[in-house]
Amino acid sequence: MKKLKLLAFPFAGASSMYYYKWKKHMSDHIDFVPVKLAGRGARPRDPLYNTFDEAIEDVYKQIDKIIDDGPYAFFGHSMGSMLAFELSHKLREQQRHDPTMIFVSGRWAPHIQRPDLVNPSTPDEQLKERLLELGGTSPELFENPLLADAFIPILRADFYAMESYVYDGSREPLSTAINAMTGVQDWDVNKRDFAEWGKHTTGEFSVHKFMGGHFYINDSFDTVIQHINRTLLSSVR
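Now the structure itself:
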């Protein structure tokens, strides 16, 4: 039996390297695949995305080579949740087999229109303050001008790309199970808006809460990994 592949999509400003530490904690029965986004990490020379559609097309080309006839699932945090969701729709349109499950994390449902977590036109100093408020970004990063100068354009580009996102309400809901994960203290993601993810699947839907804020995936790392391992392994038995 083929291993279940879990493809992990980064949040805004992040690269696949964020997920590298997850690999050694994943079950031996799961093939963990961090997805590489353009303009960062392993792909520093590729141009950053101008639109969300560009991101979808680029990532689709990657996962098209990875997904075979075996089972697979998606995990995405914040912006990564939107990538996972839209890629699931694109795969269905291309008549590929559906993911076993989608883990959506730290993001309100896609049909809900509201200002994003970060305004990409915000001046640098205010942007830094907002990122530190959200958590997930080390203060040491901003103390190193070279690192900060490399990171901020990536983050801005990602949020500008997110601004271009247009939800298509004409599509049928997915049939894939959606496992929605959120931080109890994530005040930036309204819990009612988060629960609306259930409208996007005819399959199983569940909400799971963890201690921590928007980056509860750091605050409750062990519990998060245990949840993903347990949920995926039970889904393929």
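Residue numbers (the UniProt record's numbering): 1 to 237.
Cβ coordinates follow ideal geometry from the N, Cα and C atoms, glycine included.
- Contiguous alpha helix (DSSP H) elements confined to the region 128–216 occur at 139–143, 145–163, 191–195, taking only those with 4 or more residues.
- In the structure shown, the three-state DSSP call for residue 67 is coil.
- A straight-line Cα-Cα distance of about 6 angstroms links residue 9 and residue 75.
- DSSP places residue 24 outside both helix and strand once states are collapsed to three, so it counts as coil.
- As computed with DSSP, residue 34 is found in a beta bridge with 8.
- Under DSSP, residue 42 shares a beta bridge with no residue.
- The beta carbons of residue 200 and residue 55 sit no closer together than 8 angstroms.
- In the three-state scheme derived from DSSP, where H, G and I count as helix and E and B as strand, residue 105 is classed as strand.
- Residue 180 sits close to residue 207, with the two beta carbons spaced by under 8 angstroms.
- Counting along the chain, the unbroken alpha helix (DSSP H) around residue 80 starts and ends at 79–93.
- In this structure, DSSP gives residue 49 a state outside helix and strand, which the three-state scheme calls coil.
- Residue environment for residue 118: buried (at least 16 other C-beta atoms within 10 angstroms of its C-beta).
- Taking 8 angstroms as the cut-off, the Cβ atoms of residue 43 and residue 82 do not count as close.
- The continuous alpha helix (DSSP H) containing residue 233 extends over residues 221–235.
- The closest CA to that of residue 12, considering only 225, 39, 198, 63, is found on 39.
- DSSP places residue 55 within a helical segment (H, G or I) once states are collapsed to three.
- In the DSSP secondary-structure assignment, residue 72 is bridged to 5.
- Residue 97 sits away from residue 174, with the two beta carbons spaced by 8 angstroms or more.
- Closest option to residue 92, judged by alpha-carbon separation, among 221, 171, 224: 171.
- Between residue 236 and residue 122, the beta carbon gap of about 43 angstroms keeps them out of contact (Cβ cut-off 8 angstroms).
- Taking a cut-off of 8 angstroms on C-beta distances, the region 183–197 does not touch the region 159–167, as fewer than three cross pairs fall below it.
- The region 63–73 and the region 139–150 do not touch, with fewer than 3 CB-CB distances between them shorter than 8 angstroms.
- Distance from the Cα of residue 221 is smallest, within the candidate group 17, 21, 6, 157, for 21.
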